[in-house]
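First the structure, in the form of structure tokens, and then the observations on it.
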Amino acid sequence: MKRLITVTALVVLTAVGMTAGRRRLATAAVPDGAEQVVRMTAKKFEYTPSQITLKKGVPVVLEITAIDRDHGFKVPELGVRADLKSGQVTRVRIVPDRTGTFEFRCDVFCGSGHEDMSGEIVVVD
Ligand SMILES: [Cu+2]
Numbered sequence: 110m111k112r113l114i115t116v117t118a119l120v121v122l123t124a125v126g127m128t129a130g131r132r133r134l135a136t137a138a139v140p141d142g143a144e145q146v147v148r149m150t151a152k153k154f155e156y157t158p159s160q161i162t163l164k165k166g167v168p169v170v171l172e173i174t175a176i177d178r179d180h181g182f183k184v185p186e187l188g189v190r191a192d193l194k195s196g197q198v199t200r201v202r203i204v205p206d207r208t209g210t211f212e213f214r215c216d217v218f219c220g221s222g223h224e225d226m227s228g229e230i231v232v233v234d
């Protein structure tokens, strides 16, 4: 019985943590063995957050929700690109292999502000 209560508490805490996580920026603490997940949104004409900080060599999964229409996600210098389908969550796995600041941008034309739809990934040691 005690074990059941403990498990239930864990599930509730996890659910609360996930809800809070949506509002938090990038580098949250990661349990052992789990990949860090960074949740992002894409909409005309911005990504939120527009800057994320990652650690060199540490795998991360970006979960990007395209809110209003199809968009793209391209990080040329890190060899990453994905289509973001409207209303869906797209998982993009990145293992940054060097430090620096790398621009990401939308590469699916989405309207008059498309050219400004960008952000940056900062990779630190
Ligand atoms: Cu666009």
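Residue numbering for the sequence shown follows this note's numbering, beginning at 110 and increasing consecutively. Glycine included, each C-beta is placed from N, C-alpha and C at the ideal position.
Open item on the list: Less than 8 Å between the beta carbons of Leu173 and Met149, yes or no?
Closed with: As a working mapping, residue 173 is identified with position 64 in the sequence shown. As a working mapping, residue 149 is identified with position 40 in the sequence shown. Position check: residue 173 holds Ile in this sequence, whereas Leu was assumed. Yes, the pair counts as a contact, with Cβ atoms nearer than the cut-off.
Review point. Of the choices Thr157, Ser195, Lys164, whose alpha-carbon is the least far from that of Glu144?
Key: Taking the sequence shown and counting its residues from 1, one reaches residue 144 at position 35. Of the candidates Thr157, Ser195, Lys164, the one whose C-alpha sits nearest the C-alpha of Glu144 is Lys164.
Worksheet item: Just to confirm, does Met84 get its C-beta within under 7 Å of one of the non-hydrogen atoms of ligand 1?
Response: Beyond the ends of the chain as shown, which are 110 and 234, falls residue 84; an answer cannot be given.
**Prompt:** Whose C-alpha, out of Ser159, Val167, Arg190, is nearest the C-alpha of Thr208?
**Reply:** Start at 1 with the first residue of the sequence shown, and residue 208 comes out as number 99. Of Ser159, Val167, Arg190, the residue nearest in Cα terms is Val167.
* Which runs of the beta strand (DSSP E) fall wholly inside the stretch 163-198 and span at least 3 residues, in chain order? -> 169-175, 180-184, 189-193
Subject >> Exposure of Val233, with buried meaning 16 or more beta-carbon neighbours within 10 Å >> reply: Against the sequence shown, residue 233 aligns to sequence position 124. Exposed, because fewer than 16 other Cβ atoms sit within 10 Å of the Cβ of Val233.
For a test of the three-state rule: what should DSSP assign to Glu224, helix, strand or coil?
In the sequence shown, the residue the question calls residue 224 occupies position 115. Glu224 falls in the helix class under three-state DSSP.
Any heavy atom of ligand 1 closer than 7 Å to the beta-carbon of Val235? Residue 235 is absent from the structure shown; the chain starts at 110 and stops at 234.
- Is it right to say Gly228 is buried, meaning 16 or more other beta carbons lie within 10 angstroms of its own, or is it exposed? On the sequence shown, position 119 is the one that residue 228 refers to. Answer is buried; the Cβ neighbour count reaches 16.
Next on the checklist: With the cut-off set at 8 Å, would you say Val189 and Thr210 are in Cβ contact?
Outcome noted: The residue labelled residue 189 in the question sits at position 80 within the sequence shown. The residue labelled residue 210 in the question sits at position 101 within the sequence shown. Their beta carbons are not under 8 Å apart, which means Val189 does not touch Thr210 by this criterion.
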